[in-house]
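Notes follow once the structure below has been shown.
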Amino acid sequence: MKKIGLFGGTFNPLHNGHLQLAEFAAAQCQLDQVVFLPAASPPHKKGDEIVPFSHRAEMIRLACSRNKRFSCNTIEQDLARPSYTVDTLQALKTSPLYKSEAQFFFLIGVDAFIELKTWKAYRDLLSEINFILCPRKLFSRTQTVLFLTELGFVQTPLGWEHSSYLTLYELEGAPDQVSSTEVRRTFEKSGDLYQKLPPTVADYIMKHGLY
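In full-length UniProt numbering, the protein residues as written are 1 to 211.
In structure tokens form, the structure reads like this:
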């Protein structure tokens with residue numbers, strides 16, 4: 001059975017840290033494919049700093065073109081808004097692209113994961129997809145463990161197990177993550193995009209005058 005990692009996010013913009021994390025998760029969890037899912041209208045993020053969906057999707061496509069295991073799926077563009085992960089997952093499972101049997105894994109930062117109870121139908125998500133928890137810089141693992149325990153998960157050699165939910169995995173030794181916000185602030189201060197972005201993405205931003 002094919003193992004597909006789903007990497008959702010605003011990707012405003014996608015940067016080298018996203019790609020490094022996807023590569024690390026694919027290697028450690030033996031994923032056959034990593035699909036980047038740009039959020040069309042993320043319910044937990046507000047503001048006018050988010051560039052149009054078409055630009056964010058194109059930057060992902062450019063960045064993924066050098067890795068045959070990476071791809072961009074723009075399904076959220078066609079879903080009702082705001083876009084909720086549980087609805088995106090259901091749409092993906094019934095789409096022609098994934099109609100064959102596949103095991104799905106959802107990559108998520110631990111900072112977002114501990115807010116899971118605020119997500120739409122979060123119990124359904126835990127029952128239908130394996131989560132892969134990605135560490136975040138300056139974020140205590142103790143908080144993650146406490147939250148998992150609160151949800152009823154028990155740590156085993158295979159991962160975090162639950163009687164009603166699918167196994168949840170933690171990435172070990174993953175590279176520290178910077179946020180897209182940090183990347184934008186660096187650009188505002190120094191004008192340097194090429195240090196933290198794939199060259200094709202940096203070129204695209206400069207060409208279209210984004211951020």
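C-beta: ideal position from N, C-alpha, C; glycine also. All values derive from a computational prediction rather than experimental measurement.
8 Å Cβ shell around residue i - same chain, five flanking residues per side excluded
| i | result |
| --- | --- |
| Asn73 | Val35, Phe36, Leu37, Leu92 and Leu97 |
| Ile129 | Leu6, Leu89, Phe104, Phe105, Phe106 and Leu166 |
| Ile108 | Gly8, Phe131, Ile132, Leu133 and Cys134 |
| Trp160 | Leu148, Phe153, Val154, Thr167, Leu168, Tyr169 and Glu170 |
Under the three-state DSSP convention, the category residue i falls into
| i | result |
| --- | --- |
| Gly173 | coil |
| Val110 | helix |
| Leu89 | helix |
| Leu6 | strand |
| Gln195 | coil |
Neighbourhood of residue i by C-beta, 6 Å cutoff - its chain only, sequence neighbours within 5 removed
| i | result |
| --- | --- |
| Lys196 | His15, Asn16 and Val183 |
| Glu188 | none |
First and last residue of the uninterrupted alpha helix (DSSP H) at residue i
| i | result |
| --- | --- |
| Lys120 | Looking at the DSSP string, Lys120 is not in any alpha helix (DSSP H), and its letter there is neither H nor E. |
| Lys189 | Ser180 to Ser190 |
Unbroken beta strand (DSSP E) run spanning residue i, endpoints
| i | result |
| --- | --- |
| Ile205 | Ile205 -> not in any beta strand (DSSP E); alpha helix (DSSP H) instead, spanning Pro199 to His208. |
Nonlocal neighbours in the same chain, by C-beta distance under 7 Å from residue i, ignoring five residues either side
| i | result |
| --- | --- |
| Gln77 | Ala40 and Phe53 |
*Where in the segment 21-73 do unbroken runs of the beta strand (DSSP E), each at least 3 residues long, occur, reported from the N-terminal end onward?*
Considered as a whole, the segment 21-73 harbours 33-38 and 70-72 as its complete beta strand (DSSP E) runs of no fewer than 3 residues, in chain order.
*Using 8 Å as the Cβ pair cut-off and three pairs as the minimum, do the segment 12-21 and the segment 181-198 touch?*
These segments touch.
*Is it a yes or a no for the segment 134-141 touching the segment 165-178, going by three-plus beta-carbon pairs under 8 Å?*
Yes, since at least three Cβ pairs between the segment 134-141 and the segment 165-178 fall closer than 8 Å, the two stretches touch.
*Cβ contact (3+ pairs, closer than 8 Å) linking the segment 103-123 and the segment 79-87*: Contact between the segment 103-123 and the segment 79-87 is present, because at least three Cβ pairs lie under 8 Å.
*beta strand (DSSP E) segments (min. 3 residues) lying fully within the segment 125-174*: Listed in chain order, they are 130-134, 154-156 and 159-161.
_Using 8 Å as the cut-off, can you tell me whether the segment 50-60 makes contact with the segment 197-206, which would need three or more C-beta pairs spanning the two stretches below that distance?_
Judged by Cβ distances under 8 Å, the segment 50-60 makes contact with the segment 197-206, as three or more pairs qualify.
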